[in-house]
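K.L.:
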Amino acid sequence: MGSRVAGVLLCIAATGLFCLSGHFGPACAGQKLITEDEAKLPPPRGAVAADRRGITRAPKVEVISLSDPVRSPMHFRLKFESYGGSKIDTDSVKVTYLRTPNVDLTPRVRAFVQATGIDMPDVELPAGDHMVRVDVKDSDGRVGTTSFTLKVAP
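Under our numbering, the first residue of the sequence shown carries the number 2, and numbering increases by one thereafter.
1. Rounded C-beta distance between F77 and V135? I'm assuming under 8 Å.
2. Helix, strand or coil for D69 per DSSP?
3. First and last residue of the alpha helix (DSSP H) that includes R134?
4. Name the residue from D141, V137 and L126 whose alpha carbon lies nearest to the alpha carbon of T150.
5. Between V137 and the rest of its own chain, which residues show a CB-CB distance below 7 Å, the 5 nearest in sequence each way excluded?
6. Near D121, what residues of its chain come up, given a Cβ to Cβ distance below 8 Å and the 5 sequence neighbours on each side ignored?
7. Kindly indicate the opening and closing residues of the beta strand (DSSP E) around P1.
8. Per DSSP, which one or two residues make a beta bridge with V110?
9. Report the rounded CA-to-CA distance for K152 versus G85, giving the unit in angstroms.
10. When we look at the beta-carbon of P65 and count the other beta-carbons within 10 Å, is it buried (16 or more) or exposed?
11. Check for me: the beta strand (DSSP E) holding L34 runs from which residue to which?
12. Among the candidates G47, S83 and D141, whose CA atom is the shortest distance from the CA of Q115?
13. Using only the alpha-carbon positions, how far apart do P45 and D141 sit?
14. Indicate whether at least one CB of chain D lies closer than 8 Å to the CB of Y98.
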């Protein structure tokens, strides 16, 4: 029975319908984080990327190694850091594309969320400036939020 399951998984992998990250379908070649249609939505009025600094025990979200501008496809990585012995609540992670109306990107990144952060290889983004907000909560209920702009070269 075990060899039959392994054979089925091998066939699925050979057809490109399953990738090691656990995703089914041809999306393994590159995950669309933001679609062309979403990129055409108007930005929210008065929105600016903000990084709240200060002395706090709230969890921290850090964008890892982004050049300015980035090229698509890109490796999208965020690092989560918790303090005071608390743990990151991975179910609380919310990723939002700040547009009018906002676009919830959480379902697209959910499979890549870990307690240490988000690690998505081969993320496809349309050219332009894309403001993203990430919210995360720790096991003590403290909320950390950061927003940043992904500048994608044509």
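From the three backbone atoms N, C-alpha and C, an ideal C-beta is built for every residue, glycine too.
P.N.:
Answer, in terms of the structure:
1. Actually they do not touch by this definition, with Cβ atoms about 11 Å apart.
2. coil
3. That residue, R134, is in no alpha helix (DSSP H); its beta strand (DSSP E) goes G129 to D139.
4. L126
5. P60, V62, F81, I89, S93, V94 and G145
6. For the sequence presented, residue 121 should be read as Met rather than Asp. Counting only Cβ-Cβ distances below 8 Å, and skipping sequence neighbours, we find Q32, L34, H76, F77, R78, V110 and F113.
7. Not covered by the structure: residue 1. The range shown for the chain is 2 to 155.
8. V110 is not bridged to any residue.
9. The alpha-carbon atoms of K152 and G85 are separated by roughly 34 Å.
10. According to the sequence displayed, residue 65 carries Ile and not Pro. Exposed: under 16 other Cβ atoms inside 10 Å.
11. L34 -> no beta strand (DSSP E), and no H or E assigned at all.
12. Of the candidates G47, S83 and D141, the one whose C-alpha sits nearest the C-alpha of Q115 is S83.
13. 31 Å
14. Among the chains of the structure shown, chain D does not appear; only one protein chain is present.
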